[in-house]
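Right, one structure below, let's go through it.
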Amino acid sequence: MTSPGIHTDFNSQQYSPEEVKILHKLQQEWYLTASTYPVRIGRSSVYRAFLMKATDVYSEMFNLEREILSVFSSYSTFDVRSLDAFEEATKRWQSLRTDNVCRFLISKDNGILPRVDELLKSEPELPLIVPFSYDELLQNTDKFFIRNRMRKYFYTRDLFAFENPLQKD
Numbered sequence: 022m023t024s025p026g027i028h029t030d031f032n033s034q035q036y037s038p039e040e041v042k043i044l045h046k047l048q049q050e051w052y053l054t055a056s057t058y059p060v061r062i063g064r065s066s067v068y069r070a071f072l073m074k075a076t077d078v079y080s081e082m083f084n085l086e087r088e089i090l091s092v093f094s095s096y097s098t099f100d101v102r103s104l105d106a107f108e109e110a111t112k113r114w115q116s117l118r119t120d121n122v123c124r125f126l127i128s129k130d131n132g133i134l135p136r137v138d139e140l141l142k143s144e145p146e147l148p149l150i151v152p153f154s155y156d157e158l159l160q161n162t163d164k165f166f167i168r169n170r171m172r173k174y175f176y177t178r179d180l181f182a183f184e185n186p187l188q189k190d
């Protein structure tokens, strides 16, 4: 049984004040398990990542047993290189610890949804990315907001499409 909350070793000092507020909102529905040092991509791009474990509600609803990798992108415009942050952050934890199917991307880009939608349509081999903007998570008061967003991405993507089926898990 997993209850919402945050692990005592989770280091929130490396996150921006906005991100800390988002983490506090997430810990009301998820169990935040691990933080990591900032992820650097190239010479100047910096992302912050963390792991969270699904509580029983999410675990049953979406069949999530492993921890979800989540990445903060503090850039006002989404760039595909943000996805490299997932790969780099994944290296910091044991491979069997993280879920390979689902990831959270939390971006300052308020137009993140259509950008990720297009990307997922054109790249069916990518893991499922559930996008959120900082503003959405900070301002939304609907207690089913995260679940509904996850439903949208879990149940609308045809992982076994006949036109372009997945080639690997």
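For the sequence shown, our numbering assigns the number 22 to the initial residue and increments by one for each residue that follows.
All residues carry an ideal CB built from backbone N, CA and C; glycine is no exception.
| Considering only residues of the same chain and omitting the five flanking positions on each side of residue 109, which have a CB-CB separation below 7 Å? | The answer, listed in chain order, is 60 and 62.
| Close beta carbons around residue 171, own chain, < 7 Å, minus the five adjacent residues each side | By the criterion of a C-beta distance shorter than 7 Å, residue 171 is surrounded in its chain by 83 and 151, once the five residues flanking it on both sides are discounted.
| query | So which of 96, 75, 97 and 154 has the shortest CA-CA distance to residue 90? | reply | With respect to the C-alpha of residue 90, the residue from 96, 75, 97 and 154 having the closest C-alpha is 75.
| request: Would you mind working out which of 41, 35 and 50 sits nearest residue 163, comparing C-alpha positions? | output: When each option's Cα is compared against that of residue 163, the closest is 50.
| request: If I'm right that residue 138 touches residue 88 with Cβ under 8 Å, what's the distance once you round it to whole angstroms? | output: With a Cβ gap of about 25 Å, residue 138 and residue 88 do not count as contacting.
| message | Please return the same chain residues whose Cβ sits closer than 8 Å to the Cβ of residue 118, not counting the five positions on each side in sequence. | response | Around residue 118: 72, 87 and 88.
| request: Take residue 114 as the anchor and find which of 41, 54, 33 and 40 has the nearest alpha-carbon. | output: Just measuring C-alpha positions, the residue of 41, 54, 33 and 40 sitting nearest residue 114 is 54.
| Out of 145, 165, 146 and 129, which has the shortest C-alpha to C-alpha gap to residue 37? | With distances taken between Cα atoms, residue 37 lies closest to 129.
| request: Inspect the beta-carbon positions of residue 35 and residue 65 and report whether they are closer than 8 Å. | output: No.
| request: Name the one or two DSSP bridge partners that residue 162 has. | output: In the DSSP assignment, residue 162 is bridged to no other residue.
| task | Starting from the C-beta of residue 81, find all residues in its chain whose C-beta is less than 7 Å away, skip the five residues before and the five after it, and write them out in chain order. | result | Its chain contains no residue whose beta carbon lies nearer than 7 Å to that of residue 81 once the 5 sequence neighbours on both sides are disregarded.
| task | Note down, in chain order, each residue of its chain lying with its Cβ closer than 7 Å to the Cβ of residue 24, except the 5 sequence neighbours on either side. | result | Excluding residues within five positions, the ones whose Cβ falls inside 7 Å are 52 and 76.
| field | Nonlocal neighbours in the same chain, by C-beta distance under 8 Å from residue 26, ignoring five residues either side | value | Contacts found: 48, 52 and 53.
| Through-space distance from residue 42 to residue 111, alpha-carbon basis | Residue 111 and residue 42 have their C-alpha atoms spaced approximately 24 Å apart.
| DSSP on residue 32, reduced to helix/strand/coil? | Reduced to three states, the DSSP call for residue 32 is coil.
| said: Please tell me whether residue 122 and residue 149 are closer than 8 Å, where the distance is taken between their beta carbons. | reply: Closer than 8 Å, so yes.
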